[in-house]
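Student: Quick note, in our numbering, the sequence shown goes up one by one and the last residue is 930.
The C-beta atom is built at its ideal place from N, Cα and C for all residues, glycine as well.
Can you keep this structure in mind? I'll have questions shortly.
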Amino acid sequence: MELGLGIDTGGTYTDAAMVDLGTKKLIAWSKSPTTPQDLTEGIVSSVRSLLRKEHFDPAAIGLVGLSTTLATNSVLESRGGRVGLIGIGWDTKEVDALGAERCAFIKGGHDTKGRELDALDVKMLREAVRSMSDEVDAYVVSSMFSVYQPSHEDRARQVIREITERPVVAAYELSGELGVVERSVTAVLNARLLPVISDFLDRVEDALRSMRIKANIVVLKGDGNVMPVKQARERPVETILSGPAASLLGGSRLSGLDNCLVVDMGGTSTDIAYIDNGFPRVGREGAQLAGWRTRVRSIDAATVALGGDSEIGSDLHGDLKIGPARVLPLGLAGERSKDLPRRIMERRRTDFLVTARGPERLSGNQLQVYQKVGELGLCDEEELRSALPDIYLVRETARELVRSGHLLRTGLTPTDVFNLEGLYVIGHLASSKAGVEHYLEGTRMSVEAYCARVMHRLVGRLAEEVVRKVVAEEIGDLPKEPTLDRLVQLMAGERSPGSFRIDLRLDRPIVGIGGPARLLMPSLRGLLGAEVVIPEGALVGNAVGAVCSRISEALTLRIQALSDGQFQMVTPWGDAQDFRRAEDAVKRAKELAGEHAWKKAERAGARDIALRTDVREVRYKDQKGMEHLNWIEVTARATGEPEKGHT
Numbered sequence: 284m285e286l287g288l289g290i291d292t293g294g295t296y297t298d299a300a301m302v303d304l305g306t307k308k309l310i311a312w313s314k315s316p317t318t319p320q321d322l323t324e325g326i327v328s329s330v331r332s333l334l335r336k337e338h339f340d341p342a343a344i345g346l347v348g349l350s351t352t353l354a355t356n357s358v359l360e361s362r363g364g365r366v367g368l369i370g371i372g373w374d375t376k377e378v379d380a381l382g383a384e385r386c387a388f389i390k391g392g393h394d395t396k397g398r399e400l401d402a403l404d405v406k407m408l409r410e411a412v413r414s415m416s417d418e419v420d421a422y423v424v425s426s427m428f429s430v431y432q433p434s435h436e437d438r439a440r441q442v443i444r445e446i447t448e449r450p451v452v453a454a455y456e457l458s459g460e461l462g463v464v465e466r467s468v469t470a471v472l473n474a475r476l477l478p479v480i481s482d483f484l485d486r487v488e489d490a491l492r493s494m495r496i497k498a499n500i501v502v503l504k505g506d507g508n509v510m511p512v513k514q515a516r517e518r519p520v521e522t523i524l525s526g527p528a529a530s531l532l533g534g535s536r537l538s539g540l541d542n543c544l545v546v547d548m549g550g551t552s553t554d555i556a557y558i559d560n561g562f563p564r565v566g567r568e569g570a571q572l573a574g575w576r577t578r579v580r581s582i583d584a585a586t587v588a589l590g591g592d593s594e595i596g597s598d599l600h601g602d603l604k605i606g607p608a609r610v611l612p613l614g615l616a617g618e619r620s621k622d623l624p625r626r627i628m629e630r631r632r633t634d635f636l637v638t639a640r641g642p643e644r645l646s647g648n649q650l651q652v653y654q655k656v657g658e659l660g661l662c663d664e665e666e667l668r669s670a671l672p673d674i675y676l677v678r679e680t681a682r683e684l685v686r687s688g689h690l691l692r693t694g695l696t697p698t699d700v701f702n703l704e705g706l707y708v709i710g711h712l713a714s715s716k717a718g719v720e721h722y723l724e725g726t727r728m729s730v731e732a733y734c735a736r737v738m739h740r741l742v743g744r745l746a747e748e749v750v751r752k753v754v755a756e757e758i759g760d761l762p763k764e765p766t767l768d769r770l771v772q773l774m775a776g777e778r779s780p781g782s783f784r785i786d787l788r789l790d791r792p793i794v795g796i797g798g799p800a801r802l803l804m805p806s807l808r809g810l811l812g813a814e815v816v817i818p819e820g821a822l823v824g825n826a827v828g829a830v831c832s833r834i835s836e837a838l839t840l841r842i843q844a845l846s847d848g849q850f851q852m853v854t855p856w857g858d859a860q861d862f863r864r865a866e867d868a869v870k871r872a873k874e875l876a877g878e879h880a881w882k883k884a885e886r887a888g889a890r891d892i893a894l895r896t897d898v899r900e901v902r903y904k905d906q907k908g909m910e911h912l913n914w915i916e917v918t919a920r921a922t923g924e925p926e927k928g929h930t
């Protein structure tokens, strides 16, 4: 039996799962707290625990699959290297929207037919590179319509490499999609992530070797496919949003269902997505993260700020509110400070501050506030202000540190309610109970009744979000409007005092993944008229998905309908070909795209490759309502299994 080791570094826990690569069945798993200051510490802890549990021989592991939130979090927290962007043949006044520390725009670029607009201005290029050399760690070159003719990006990269040894990213190599701004942002984020991911992968490889694991390593991408470590070092931006992809894949593999709706509820959020033929649907638009519009392929998932760590409180009307803010559950905070129940009752509050990760990149007032919270161990904003009388705006500074992830705020969460319900116990039970009792001061409601109310609302929220995803797949996203919100609630099983009811029936089973899955999701069966499956190993779906995916490479060629009735195909390598008939153009495009995608998959280490080609026509209507062909897209996708073995 050849073993596969899946590793997932999540926001709260780092999971390790051992899988039979032949059957894709889960054999054993383990969990350890994630260590933000050095993610490999959590990885080593989880993997060592797994190896000891079943006495696995490290030499029997043929593949390691890695899923990490590092790239996503780095983008969210603006961490990484400094980037200089060279725009070729285009310009913009909104340079801040590009994400680079320095930008320069020079002559060059091509048109939609791959014809040169202007000669590449090599003199301006050299001047721009030298002018920003002291302020950047990497360069990006992004040329107008480089997806049709990349020669200016290739030449610019060559020139920059003659001047400096710093990395140079060519935008066309990361995306074949149109949109020079989005393509440039994608390349800038990629360049920013190069040192972050490279350092992380170095540490992971060293950590695995220290445990005598020498298997090939693949890294999960945001679209649910994997890539070898070498490629991940060059294209780290493709790993953003890979966490949801891992859990959705894991849900399908663990349940044995190739066509289903996976609902993954974690600590921070809930992801809902369709699985077709064993793989998650991929969105047509590029991934959006922290306001950046990219051309990174990512799964088409609905992500909702609802999880085990969502803050429980009241809205303006006094009604129960869950989320969207994430806080540290009181039960977990109580592990750090066993006198938390007393503090809650004395201070008459549940929102205290604790340190989260190290003080990297902090200085001045921020560093002083961070250090004081660490010194006090657990404090509220008023105590912190009293302890730092010489610092102005202490409260505002503390809130900045919460937003940046350096500090955590404690609060009552669903995790605390699960503790009190006896569904599972995480952390300090007395702290969870003290939090609920604080909320119930002055009311006649019992702790048991309050917990039941929270559980009921959680199930209702889950049902509503599933309905929204299902409806969005059919007719598009529903706007947030009171009447539609009420309709969604009725469709999600809420009973109306009026004269009608809506009974929903889903045509696909729901697979529940994540810690709260077995506690909440079985109730969806009655509300949504769907089969609900909570597979064994639902707690480590992400780690299973990380090692049970495939390598997949694609190329899309566009055939433009010309005004004279002919058809023109322009390839990314600058080869324009004209055809009299669309059928001939499509046939040639299939051949070229298939050959190119196959070679890319082979270079990525894929074995047992299968090729699929899809053709899509894009049409438009003229002023008279007559429909005409605009262009044809031919997409070839080569898919295979990652190479197993040892390095």
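Once the 5 residues before and after glutamate 418 are set aside, which same chain residues still bring their CB inside 8 Å of it?
Tutor: Closer than 8 Å at the Cβ level, and outside the excluded window around glutamate 418, lie Arg365, Gly367, Glu384, Arg385.
Student: Can you tell me whether DSSP reads glutamine 906 as helix, strand or coil?
Tutor: Glutamine 906 falls in the coil class under three-state DSSP.
Student: For the beta strand (DSSP E) containing methionine 548, list its first residue and its last residue.
Tutor: 543-548 is the extent of the beta strand (DSSP E) around methionine 548.
Student: Can you look up glutamine 654 in the DSSP assignment and give me helix, strand or coil?
Tutor: The answer is helix: DSSP assigns glutamine 654 an H, G or I state.
Student: What ranges does the beta strand (DSSP E) occupy inside the segment 676-720, keeping only unbroken runs of at least 3 residues that lie completely in it?
Tutor: If we require 3 residues or more, the beta strand (DSSP E) runs fully inside the segment 676-720 come out as 690-694.
Student: CA-CA distance, glycine 641 and glutamine 320?
Tutor: One C-alpha to the other measures close to 6 Å.
Student: Run the CB neighbour count on histidine 600, radius 10 Å, all protein chains shown included, and call it buried at 16 or more, exposed below.
Tutor: Looking at its Cβ environment, which holds fewer than 16 other Cβ atoms inside 10 Å, histidine 600 is exposed.
Student: In whole angstroms, what separates the C-alpha of glycine 345 from that of leucine 695?
Tutor: Answer to the nearest angstrom: the Cα atoms are 43 Å apart.
Student: For the candidate residues Asp790, Leu461, Ala342, Arg564, whose alpha-carbon lies nearest to that of glutamine 432?
Tutor: Among Asp790, Leu461, Ala342, Arg564, the Cα nearest to that of glutamine 432 is on Leu461.
Student: Alpha carbon to alpha carbon, what distance is there between leucine 304 and isoleucine 595?
Tutor: Cα to Cα, the separation comes out at about 41 Å.
Student: Taking only three categories from DSSP, how would you classify tyrosine 455?
Tutor: Tyrosine 455: helix per DSSP, three-state reduction.
Student: Which of the three DSSP states, helix, strand or coil, is assigned to serine 329?
Tutor: In the structure shown, serine 329 sits in a helix (DSSP, three-state: H, G or I).
Student: Using the Cβ count rule (16 or more neighbours within 10 Å means buried), how would you classify glutamate 731?
Tutor: Exposed: under 16 other Cβ atoms inside 10 Å.
Student: Can you list, in chain order, the residues of its chain with a C-beta nearer than 8 Å to that of isoleucine 674? Leave out the 5 residues immediately preceding and following it.
Tutor: Closer than 8 Å at the Cβ level, and outside the excluded window around isoleucine 674, lie Asn648, Gln651, Val652, Thr680.
Student: If you run the structure through DSSP and keep just helix, strand and coil, what is isoleucine 817?
Tutor: Looking at isoleucine 817 - three-state DSSP - the assignment turns out to be coil, as it is neither helix nor strand.
Student: Starting from isoleucine 310, follow the beta strand (DSSP E) in both directions and report where the run begins and ends.
Tutor: Start and end: 308-316.
Student: Would you mind sorting histidine 911 into buried or exposed? The rule is 16 or more other CB atoms within 10 Å of its CB.
Tutor: That one is exposed.
Student: So what does DSSP say about cysteine 662, is it helix, strand or coil?
Tutor: Strand at cysteine 662.
Student: Give the DSSP bridge partners of aspartate 303, in chain order.
Tutor: Beta-bridge pairing links aspartate 303 to Leu286, Lys308.
Student: Please report the residue range of the alpha helix (DSSP H) in which isoleucine 627 lies.
Tutor: Run containing isoleucine 627: 623-630, per the alpha helix (DSSP H) assignment.
Student: I need the straight-line Cα distance from tyrosine 296 to alanine 826, nearest angstrom please.
Tutor: If you take the alpha carbons of tyrosine 296 and alanine 826, they lie about 11 Å apart.
Student: Report the rounded CA-to-CA distance for glycine 370 versus valine 610, giving the unit in angstroms.
Tutor: Answer to the nearest angstrom: the Cα atoms are 42 Å apart.
Student: Can you name the start and end residues of the beta strand (DSSP E) that phenylalanine 635 belongs to?
Tutor: Counting along the chain, phenylalanine 635 falls outside any beta strand (DSSP E), and DSSP gives it neither H nor E.
Student: Does the segment 470-488 touch the segment 447-462, meaning 3 or more C-beta pairs lie closer than 8 Å?
Tutor: Yes: the two stretches touch, three or more of their Cβ pairs being nearer than 8 Å.
Student: Restricting to runs no shorter than 4 residues, where is the alpha helix (DSSP H) found entirely within the segment 349-387?
Tutor: List check, alpha helix (DSSP H) in window: 353-359.
Student: Could you tell me the alpha carbon to alpha carbon distance between serine 714 and glutamate 819, rounded to whole angstroms?
Tutor: Whole-angstrom Cα-Cα distance: 30 Å.
Student: Enumerate, from N- to C-terminal direction, the unbroken beta strand (DSSP E) stretches of 3 or more residues contained entirely within the segment 487-569.
Tutor: Runs of the beta strand (DSSP E) inside the segment 487-569: 499-503, 509-511, 543-548, 553-559.
Student: Cα-Cα, which of Ala735, Asn356, Leu810 is closest to glutamate 748?
Tutor: The residue with the shortest Cα to Cα distance from glutamate 748 is Leu810.
Student: May I have the straight-line CA-CA distance separating valine 669 from glutamate 658, to the nearest angstrom?
Tutor: Reading off the sequence, residue 669 comes out as serine, not valine. Roughly 14 Å between the two C-alpha positions.
Student: Roughly how many whole angstroms lie between the Cα atoms of alanine 515 and asparagine 702?
Tutor: Spanning the two alpha carbons is a distance of roughly 40 Å.
Student: Answer with buried or exposed for serine 350, where buried requires no fewer than 16 other C-beta atoms within 10 angstroms of its C-beta.
Tutor: The residue in question, serine 350, is buried, as its Cβ has 16 or more Cβ neighbours within 10 Å.
Student: Could you check which residue in Ala616, Thr577, Ser361, Asp559 has the C-alpha nearest to that of threonine 633?
Tutor: Here the closest residue by C-alpha is Ala616.
Student: On the CB-based measure, 16 or more other CB atoms within 10 Å of its CB, does asparagine 542 come out buried or exposed?
Tutor: The residue is exposed, with fewer than 16 neighbouring Cβ atoms inside 10 Å.
Student: Would a C-beta distance cut-off of 7 Å place lysine 396 and alanine 859 closer than the cut-off?
Tutor: The answer is yes: Cβ separation under 7 Å.
Student: Between the Cα of valine 917 and those of Ala887, Met909, Ala865, spot the shortest distance and give me the residue it belongs to.
Tutor: Ranking the options by Cα distance to valine 917, first place goes to Ala865.
Student: When you compare only the Cα positions, how much space is there between histidine 929 and glutamate 285?
Tutor: Cα-Cα distance, rounded: 12 Å.
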